[in-house]
Each structure stands twice: as C-alpha cells, then as structure tokens.
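In my numbering, the protein residues as written are 5 to 261. Positions of the beta carbon are idealized from the N, C-alpha and C atoms, including for glycine.
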DNA sequence: ATGGTGGTTAGACCA
C-alpha cells in the first residue's frame, strides 16, 4: 500500500496534476484537502476517464476533502455524521484495499487568539473522539492530511521566529500530542530524523521553495501494527516546483500491507 | 512592523 496526502488548493485547477502523480508513483490512495469545490462541481469525470475512483465531501469556496484511488473506495465516512452538528468539510474516511484511511484538513487558525484559533484548538480536541471510534471499529488506521501544525523545531524553517505563532504554538503541540499519544507514529519523522524537509511553502515568501523556507504541516500517522509495516515515507518536492503549483506538495508513505 | 502571492469569486475572505 502506497498512500499519500496533498493539499490541492483547488481540485479543479489541480486534478490533472493529481491524476498524473498518482499513476506515475503507483499510489493506492491519495488523500486530498482544500478541494474548494461544491460536490456538484467536482471534476468526477476527469478522474473516471483516467481510470481512477474518487469520493469527496466539499463546500463552496473553502475546505473540502477527497480520496482518489485506482481501487474501490469503500465504507466512506463524511465528517462526524451528526446532523445536529453541521461540520465544515474537513474529514473524510474510507477503506481502500482493506486499509482504513482518515483524511483531515485541520483548521488553520488564522491568528493566535482569534475566533478561528479557538475553533482550531477545539477542533483538535474533538477529533480525538473520531480517532477513537475509527480505531475501535477498524483496529488499525492511517491518519493523514493537512494537519496545520509544525510540531517540533525540526518542522519549520525558523522555529524560534515562528514559535508562538499559528501552526507552531505550544497550545497546538499539546493538542496534537494528545492525538498522536494514542499510539500513532509520525511516519515521515521515523524515516527522516533530520530537519529541514518541508511540505508547504508560502506563496507570499519570495522564492520560498528555492530557499527551503517551508513548513512540515502535512503528515501521515499510523497505528502500531501499520507503523511496523512502514517501508518508507518522503516528501516529493517536484509538484511544488511546477508551473502554477499548490502551495503544498505531496507526502507519501509505503507500507508492506 | 508590514507586505509580499494565490484561489474563489465578484468585494472580501482565507491561507
């Protein structure tokens, strides 16, 4: 099983990049965030014509998640499934080749102390319940997506400068740790103990990719048995270097599953 | 201290 995560920053602009990358790298499941697309406008036929299955849960302008696979995508779960709590579209879980996948687009938080910041922290706290449910139901899971937290000094180009800001704040670290502490392994860090490798480069920073001024905020986590079967995990910078890219690039993991 | 760019969508909002 080769799984990957990609914040597409508009699936309508990036569908072909996603399709080509999936086939080129023999990906079994690509977890996409920020599709920015209502379900009725999702480019389903482009994926189907390319021989790929796709499931999605989107909304107008913001957020939106999808899973793309050459295989059948089964037991699809969209958000919490609670009609009393209408969620923004940030969670999509499904089973591919018998592997349970949870795709999340964690809120950015915008600015420390803002309403969106409070929402982000609460979102991370609430997500623990979904993780527990999924693990209880399926035993082992892979959780991947745009986590919007660079959890250690190794995960951002200038940790001292960014510490205490959004995506690199102790209140985020503690909440992410509470989730990861359920026995999950950060697969990228397991294979790359060194710092300086990033998955997100801001558009607003001039030549951020060339200068490697990035953040590692796109993660793949595995429960213990899956983590034991991990063979590799890496970041592919090539899509970020192409013309008119997303501000994120793909992170992938290969498992002996 | 601020702004720089980009996507969605039609003036901001979000990242």
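In the three-state scheme derived from DSSP, where H, G and I count as helix and E and B as strand, residue 89 is classed as coil.
According to the DSSP secondary-structure assignment, residue 257 is paired through a beta bridge with 7 and 237.
Taking the Cα positions, residue 209 is about 33 Å away from residue 83. Distance from residue 7 to residue 224 at the Cβ level is roughly 7 Å; contact confirmed, criterion being Cβ atoms closer than 8 Å.
By the Cβ criterion, the stretch 194-206 is not in contact with the stretch 172-183, since fewer than three pairs of Cβ atoms, one from each stretch, lie closer than 8 Å. About 16 Å separates the CB atoms of residue 63 and residue 150; that is not less than 8 Å, and the two are not in contact.
The stretch 138-156 and the stretch 103-116 touch, with three or more beta-carbon pairs separated by less than 8 Å. In this structure, the alpha-carbon of residue 140 lies about 14 Å from that of residue 228. Secondary structure at residue 149: strand, using DSSP grouped into helix, strand and coil. Residue nearest to residue 39 within the set 77, 78, 26 and 94 is 94 (criterion: CA-CA distance). Excluding its 5 nearest sequence neighbours in each direction, residue 219 has C-beta neighbours in its own chain below 6 Å: 154, 160, 202 and 204, listed in chain order.
Counting every other CB atom within 10 Å of its CB across the protein chains shown gives residue 248 a total below 16, marking it as exposed.
The C-alpha of residue 118 is placed about 31 Å away from the C-alpha of residue 71. Within the same chain, and ignoring the five residues on either side of residue 179 in sequence, the residues whose Cβ sits closer than 7 Å to its Cβ are 125, 128 and 129.
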